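This report concerns only the one structure given below.
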Amino acid sequence: MNRKDIALALSLSLLVLALSLTISLEGLGPIVPRELRPLGASFVQNSYNPWNASLTSLSLNVVTAIVWDYRGLDTLYETLVLFASIAATLVVLRGYSELSGLGIKGLSDVSKSVTVVIAPLIVVYGIATAIHGHLTPGGGFQGGTIAVVAATLIIAVFSLEYLYRRGVSTSRLMLLRILGLLAIILTSLSLASIGMPSNVNAYILQNMAKDDSALSMPGVLFDTPLAGSIFLYNLFEFIIVFSGLTFAAMMLVLRESELESIKEAAEVYE
Amino acid sequence: MFLERVSWRASKRRPRYMSDLLASLAFRTAMIAFVFNIAIALYGVLSRPSLVKKFLCLVAFTDSINIFAVFIGFRYTPGAYPSPPILEAIPTSPAEVETLINTSVDPLPQAMILTAIVIGIACSIFLLTLILMYYRHYGTTNIHEAEEGEEPHAEAL
């Protein structure tokens, strides 16, 4: 028991005491309010509200509407952070090589047969969660992470070798991610680029028509609300998250002989 | 109008009935439990020597704070269940939007936490890669053992 441990214990217990007191005395606002806060209430009111056409996003799911419409720029940067972290992973492991022919072992035949049945179902469920993100609980990120479970399951049960043989390589996944990000950026610029040549008012990241801008993403498909760009963003976010996290999972399970060339690459850069 | 009706201070009155008192007590206990969880996870991050355990504690720390923030967006509707912020009927009427405002929980913390979770995953992936490389270099994830200045394992990368 040295001085450092005592200081740590004291400061942590002070943190717990101070936060608990503040919470108990309702210093952070009423504990479990009965009414919505005004900001949250206005989001709930306007998310699907065809009677207030200049503020609505025609999305039944309010959380998705906030994520991709009202605070769309935040989410764009969040996607870029995910992109950057995987690029950083690539920088740390630069110079790796993908070697096939190291032998497939994997788990038993029973688990392999079960995985063959389950994996496509998981991917389909992920896609459904993503493209219904504006109607039901879900969204692009949630759907993508569900679908990544299938890829991780295949890596664990069949080994990395199986993915290589099926044509899933890290460079292809990287390409898919870049295409997904490009699609998101193009979607956010699409209305502005349509409006600019014909001198019509339009905004970047615009979804529905505004007071001074008649351009609008498609709001309804037959009789189902489509929520315009929210549907497209969810679809592309699904692609980005699925390929990005599968890429990360593959990088984390690279075999030792595939990493032998890392050291030489590091020396070259020094 | 309606924004004036939704008053922040209106809910600050004291609970009057026994069940309200119990609910208030239960919610306070839950919130303080989250605070304890945050502190314990922080202790793990600061004082465990193993990088893997530090990482696990960091994940627990983020998740505790996320649940705490979701809980702040929760709402107590006596006699009814609070509903998720999703409209149910597709040909919607203004009355249904009004009902949703009266029963739904706050959507804003949930949307913020979605962002926080994605950024947390992005950081976790990078940290995991770094820990893996650390292990390959030193042959251990214990930061105190690696500080001794011993030679890195020759056969490891």
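Those sequence lines, one after another, are chains A and L. In case it helps, the working numbering puts the first sequence at residues 249 to 518. In case it helps, the working numbering puts the second sequence at residues 4 to 160. Note that beta-carbon positions come from the ideal geometry of N, C-alpha and C, so glycine has one too. None of the values given here were measured: they were computed from a predicted structure.
CA-CA distance, I426 (chain A) and I254 (chain A)?
Taking the straight line joining both Cα atoms gives about 50 Å.
Does G212 (chain L) pass the burial test, meaning 16 or more other C-beta atoms within 10 Å, or should it be called exposed?
No statement about residue 212 (chain L) is possible, as the shown extent of chain L runs from 4 to 160 and does not include it.
Are the Cβ atoms of V405 (chain A) and K360 (chain A) separated by less than 8 Å?
Yes, the pair counts as a contact, with Cβ atoms nearer than the cut-off.
What's the call for W299 (chain A), buried or exposed, on a 16-neighbour Cβ count within 10 Å?
So W299 (chain A) counts as exposed.
Give me the chain A residues within the contact set of D109 (chain L), using Cβ-Cβ distance strictly less than 7 Å, ordered along the chain.
Within 7 Å Cβ-Cβ: L284, R285, G288.
Using a Cβ cut-off of 8 Å, which residues of the stretch 342–369 of chain A contact any Cβ in chain L, in chain order?
Answer in chain order: no residues at all.
8 Å is my cut-off, CB to CB: does N455 (chain A) come that close to chain L?
No - not a single Cβ of chain L is within 8 Å of the one on N455 (chain A).
Would you kindly work out how many angstroms separate the C-alpha atoms of V310 (chain A) and T95 (chain L), rounded to a whole number?
Approximately 14 Å between the Cα atoms of the pair.
Could you check whether the stretch 287–301 of chain A touches the stretch 115–134 of chain L, counting it as contact only if at least three pairs of C-beta atoms, one from each stretch, sit closer than 8 Å?
Counting Cβ pairs under 8 Å, fewer than three are found: no touch.
Measuring CB to CB, does A457 (chain A) end up less than 8 Å from S464 (chain A)?
It is a contact, given that the beta carbons lie within the stated cut-off.
In three-state terms, what does DSSP make of L453 (chain A)?
L453 (chain A): coil per DSSP, three-state reduction.
List the DSSP bridge partners of P473 (chain A).
DSSP, once it has assigned bridges, lists A:V468 as partnering P473 (chain A).
So the alpha helix (DSSP H) F331 (chain A) belongs to, where does it begin and stop?
320–340 is the span of the alpha helix (DSSP H), which, as asked, contains F331 (chain A).
Contact check, G415 (chain A) vs F486 (chain A) under 8 Å by CB: the rounded distance?
Actually they do not touch by this definition, with Cβ atoms about 20 Å apart.
By DSSP, does N447 (chain A) sit in helix, in strand, or in coil?
Coil, per DSSP.
Confirm, please, whether the CB-CB distance from F129 (chain L) to S333 (chain A) is below 8 Å.
A contact, by the Cβ cut-off of 8 Å.
Distance check for G387 (chain A) and L480 (chain A), CA to CA, integer angstroms please.
Roughly 11 Å between the two C-alpha positions.
How should S259 (chain A) be labelled, buried or exposed, when 16 other C-beta atoms within 10 angstroms of its C-beta is the threshold for buried?
The residue is exposed, with fewer than 16 neighbouring Cβ atoms inside 10 Å.
How far does the alpha helix (DSSP H) with K57 (chain L) in it extend, from its first residue to its last?
Run containing K57 (chain L): 54–75, per the alpha helix (DSSP H) assignment.
Alpha carbons only, please: which of A:S491, A:N250, A:Y451 is nearest the one belonging to G320 (chain A)?
For G320 (chain A), the nearest C-alpha among the options comes from A:Y451.
Determine whether the beta carbon atoms of I271 (chain A) and I35 (chain L) lie at a separation below 8 Å.
Yes, the pair counts as a contact, with Cβ atoms nearer than the cut-off.
Can you name the residues of chain L whose CB is closer than 7 Å to the CB of T337 (chain A)?
The answer, in chain order, is I128, F129, T132.
Hey, would you say L90 (chain L) sits closer than 8 Å to L287 (chain A), going by beta carbons?
Going by C-beta atoms, L90 (chain L) is not nearer than 8 Å to L287 (chain A).
Buried or exposed: which applies to A462 (chain A), given that a residue is buried once 16 or more other Cβ atoms fall within 10 Å of its Cβ?
A462 (chain A) should be labelled exposed.
Following the continuous alpha helix (DSSP H) through R413 (chain A), name the residue where it begins and the one where it ends.
Counting along the chain, the alpha helix (DSSP H) containing R413 (chain A) begins and ends at 408–413.
For a quick check, are the C-beta atoms of Y137 (chain L) and L54 (chain L) less than 8 Å apart?
Yes, these two residues count as a Cβ contact at 8 Å.
Classify M498 (chain A): buried if its beta carbon has 16 or more other beta carbons within 10 angstroms, exposed otherwise.
Its Cβ being crowded by 16 or more others within 10 Å, M498 (chain A) is buried.
Identify the contact partners of L49 (chain L) in chain A, using a Cβ-Cβ distance below 7 Å as the criterion.
Near L49 (chain L) (Cβ distances below 7 Å), the residues of chain A are L256.
Our contact map puts I403 (chain A) next to V340 (chain A) with C-beta atoms below 8 Å; I'd like the distance itself, whole angstroms only.
Between V340 (chain A) and I403 (chain A) the Cβ distance is about 20 Å, and since that is not below 8 Å, they are no contact.
State the Cα-Cα distance for the pair L262 (chain A) and L256 (chain A), rounded to the nearest angstrom.
Going from the Cα of L262 (chain A) to the Cα of L256 (chain A) covers about 10 Å.
Go ahead and pull the three-state DSSP assignment for S96 (chain L).
In this structure, S96 (chain L) counts as coil in the three-state DSSP scheme.
Here's the rule: buried if 16 or more other CB atoms are within 10 angstroms of the residue's CB, otherwise exposed. What is V315 (chain A)?
Buried, by the Cβ-count rule.
Taking the alpha helix (DSSP H) that R251 (chain A) belongs to, which residues open and close that run?
Where R251 (chain A) is concerned, the enclosing alpha helix (DSSP H) stretches over 251–272.
Is I279 (chain A) close to chain L, meaning its C-beta is less than 8 Å from at least one C-beta of that chain?
By this cut-off, I279 (chain A) is an interface position.
What residue does the alpha helix (DSSP H) around A462 (chain A) start on, and which one ends it?
It is not in any alpha helix (DSSP H) - A462 (chain A) carries neither H nor E in the DSSP assignment.
At which residues does the alpha helix (DSSP H) containing G123 (chain L) begin and terminate?
Start and end: 110–141.
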